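Chemist:
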Ligand code: C5P
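In this note's numbering, the protein residues as written are 2 to 286.
1) What does DSSP give as the partner residue(s) for residue 86 in the beta ladder?
2) Who are the Cβ neighbours of residue 50 in its own chain at under 7 Å, not counting the five residues just before and after it?
3) Using DSSP with H/G/I as helix, E/B as strand and the rest coil, what is residue 155?
4) Going by alpha carbons, who is nearest to residue 283 out of 162, 105, 102 and 262?
5) Taking the straight line between their C-alpha atoms, what separation do you get for residue 26 and residue 12?
6) Is residue 38 closer than 8 Å to residue 71 when the C-beta atoms are compared?
7) What residue from 75, 190, 173 and 34 has the CA that sits closest to residue 222's CA?
8) If the criterion is Cβ atoms closer than 8 Å, does the pair residue 30 and residue 134 meet it?
9) Using the Cα positions of residue 48 and residue 81, report the straight-line distance between them to the nearest angstrom.
10) If I follow the unbroken beta strand (DSSP E) through residue 181, where does it start and stop?
11) Looking only at its chain, what residues have a beta carbon closer than 6 Å to the beta carbon of residue 96, apart from the 5 residues adjacent to it on each side?
12) Any heavy atom of the ligand C5P within a distance shorter than 7 Å of the CB on residue 252?
13) Is the CB-CB distance between residue 219 and residue 251 below 8 Å?
14) Between the beta-carbon of residue 217 and the beta-carbon of residue 246, is there less than 8 Å?
15) Specify, as a first and last residue, the run of the beta strand (DSSP E) that residue 257 falls within.
16) Between which two residues does the beta strand (DSSP E) harbouring residue 69 extend?
17) At a cut-off of 7 Å, would you count residue 82 as near the ligand C5P, judging by its Cβ distance to the nearest heavy atom?
18) When you compare only the Cα positions, how much space is there between residue 116 and residue 42?
19) How would you call residue 273, buried or exposed, if buried means at least 16 neighbouring beta carbons within 10 angstroms?
20) Do the segment 223-236 and the segment 2-11 make contact, defined as three or more Cβ pairs closer than 8 Å?
21) Let's test the definition: count the other Cβ atoms within 10 Å of the Cβ of residue 104 and tell me whether it reaches 16, buried, or not, exposed.
22) Does the ligand C5P have a heavy atom nearer than 7 Å to the CB of residue 290?
23) Going by other Cβ atoms of all chains shown within 10 Å of its Cβ, with 16 needed for buried, is residue 146 buried or exposed?
24) For the ligand COA, is there a heavy atom less than 7 Å away from the beta-carbon of residue 28?
25) Can you tell me which of 14, 15 and 285 puts its alpha carbon nearest to the alpha carbon of residue 169?
26) Quick one: what's got a C-beta closer than 6 Å to residue 126's C-beta in the same chain, skipping five residues either side?
27) Among 254, 265, 192 and 244, which one has its Cα closest to the Cα of residue 17?
28) Which two residues bound the contiguous beta strand (DSSP E) that contains residue 10?
29) Using only alpha-carbon positions, find the residue among 279, 77, 5 and 173 that is nearest to residue 112.
The structure is reproduced here in structure tokens:
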């Protein structure tokens with residue numbers, strides 16, 4: 002049996018460049034891994050079945066589950082005759098832009114590589130990750146910050162930020178947002194218009210002190226369709242948070258704060274204010 006943490010991500014920067022022929026979008030993004038995590042328990046089975054067990058009704062337990070797809074891909078590619086029970090204890094909000102499903106898929110790949118003694122190298126795991134989803138590759142790397150390009154699946158770890166630990170207040174309105182839907186809306190909104198890379202020069206100091214370089218091209222789209230995004234942003238700004246951004250295709254919104262104390266204090270105030278939001282104090286991991 003294996004017990005693993007499956008971490009969430011934030012996007013500190015996300016520029017959508019263009020629609021591709023395969024109907025994905027080329028983008029440039031800066032990923033951050035955070036300590037908000039699901040637990041994944043892998044238990045070997047006597048038969049060949051892959052069974053997903055999850056405590057959240059928001060997670061599908063059939064063959065559309067991304068962790069299921071990871072396990073099935075490994076079985077098919079490497080002719081594995083063993084099965085597995087994959088228990089997912091969900092803490093990461095689903096459909097929030099925090100990469101929970103992708104992270105579960107990567108954790109399943111990494112864990113089954115051990116459980117089934119496949120001895121796959123990182124490059125092979127990355128290729129498999131790509132086949133499961135655009136964001137899965139980031140979670141294969143054991144790194145806190147990385148650039149993503151292509152459809153988000155080409156990863157370059159940012160070694161210069163390896164020792165940086167940021168604290169965040171993270172708010173996820175209790176609604177689910179469909180990523181394909183948001184990209185389709187982006188297609189309509191930016192039709193014919195070219196987006197250019199906004200200036201991106203990151204160093205640890207800047208990230209800590211200013212939100213100037215925080216950027217997410219999808220925020221304007223999601224916020225138009227889901228007013229909760231703006232409500233959360235306004236609330237955080239009213240509370241004095243300066244660097245605020247939506248993550249991925251949303252609707253989760255985070256702020257960069259200066260300490261654990263500040264994050265925990267904001268969380269306590271926000272929890273008292275609204276029960277239509279899930280609130281977390283999180284840090285880079
Ligand atoms: O790769 P993944 O399954 O996570 O992507 C979900 C959907 O999000 C895709 O089917 C596509 O509609 C959209 N997407 C996109 N461009 C990306 C990533 C995702 O259009 N770079």
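Even for Gly, the Cβ is constructed at its ideal location relative to N, Cα and C. On a predicted model such as this, the values are computed, not experimentally measured, just so you know.
Modeler: To lay it out plainly:
1) Residue 86 sits at position 85 when you count from the first residue of the chain shown. Its beta-bridge partners are 44 and 52.
2) Position 49 of the chain shown, counted from the first residue, corresponds to residue 50. The residues are 84.
3) Here residue 155 refers to the residue found at position 154 when the chain shown is read from its first residue. Correct three-state label for residue 155: strand.
4) Here residue 283 refers to the residue found at position 282 of the chain shown. It is 262.
5) Residue mapping note: residue 26 aligns to position 25 of the chain shown, counting from 1. Residue mapping note: residue 12 aligns to position 11 of the chain shown, counting from 1. Spanning the two alpha carbons is a distance of roughly 16 Å.
6) Within the chain shown, numbered from 1, the residue matching residue 71 stands at position 70. Within the chain shown, numbered from 1, the residue matching residue 38 stands at position 37. No, they are not a contact pair.
7) For the purposes of this step, residue 222 is taken as the residue at position 221 of the chain shown. Closest by alpha carbon: 190.
8) As a first step, residue 30 is located in the chain shown; it is residue number 29 there, counting from the start. As a first step, residue 134 is located in the chain shown; it is residue number 133 there, counting from the start. The answer is no: Cβ separation not under 8 Å.
9) Translated into positions along the chain shown, residue 48 becomes position 47. Translated into positions along the chain shown, residue 81 becomes position 80. Approximately 11 Å, taken between the alpha carbons.
10) For the purposes of this step, residue 181 is taken as residue 180 along the chain shown, with counting starting at 1. First-last for residue 181: 180-190, but that is the alpha helix (DSSP H), not the beta strand (DSSP E).
11) Residue mapping note: residue 96 aligns to position 95 of the chain shown, counting from 1. Result list for residue 96: 177 and 178, in chain order.
12) Start at 1 with the first residue of the chain shown, and residue 252 comes out as number 251. No, the beta carbon of residue 252 sits no closer than 7 Å to any heavy atom of the ligand C5P.
13) The sequence position of residue 219 within the chain shown is 218, counting from 1. The sequence position of residue 251 within the chain shown is 250, counting from 1. Taking 8 Å as the Cβ cut-off, residue 219 and residue 251 qualify as a contacting pair.
14) Within the chain shown, residue 217 is the residue found at index 216, counting from 1. Within the chain shown, residue 246 is the residue found at index 245, counting from 1. Taking 8 Å as the Cβ cut-off, residue 217 and residue 246 qualify as a contacting pair.
15) Reading the chain shown from its first residue, position 256 is the one you call residue 257. It spans 254-258 - the beta strand (DSSP E) in which residue 257 sits, taken as one unbroken run.
16) Position 68 of the chain shown, counting from 1, holds the residue named residue 69. Element bounds for residue 69: not the beta strand (DSSP E) but the alpha helix (DSSP H), 67-79.
17) As a first step, residue 82 is located in the chain shown; it is residue number 81 there, counting from the start. Residue 82 Cβ: outside cutoff for every heavy atom of the ligand C5P.
18) One-based indexing of the chain shown puts residue 116 at position 115. One-based indexing of the chain shown puts residue 42 at position 41. For residue 116 and residue 42, the distance between alpha carbons rounds to 11 Å.
19) Residue numbering aside, residue 273 sits at position 272 when the chain shown is read from its first letter. So residue 273 ends up on the exposed side.
20) no
21) Working through the chain shown from its first residue, we reach residue 104 at position 103. Buried: at least 16 other Cβ atoms inside 10 Å.
22) The first residue shown for the chain is 2 and the last is 286, placing residue 290 beyond what the model contains.
23) Residue 146 sits at position 145 when you count from the first residue of the chain shown. Label assigned to residue 146: buried.
24) The ligand COA is not part of the structure shown, which contains the ligand C5P as its ligands.
25) For this step, residue 169 is matched to residue 168 along the chain shown. Ranking the options by Cα distance to residue 169, first place goes to 285.
26) Within the chain shown, the letter at position 125 stands for residue 126. Taken in chain order, the residues that qualify are 110 and 141.
27) For the purposes of this step, residue 17 is taken as residue 16 along the chain shown, with counting starting at 1. Of the residues 254, 265, 192 and 244, the one whose Cα lies closest to the Cα of residue 17 is 192.
28) In the chain shown, counting from the first residue as 1, residue 10 sits at position 9. From DSSP, the beta strand (DSSP E) with residue 10 extends over 3-20.
29) Translated into positions along the chain shown, residue 112 becomes position 111. Relative to the Cα of residue 112, the nearest Cα in the group 279, 77, 5 and 173 belongs to 5.
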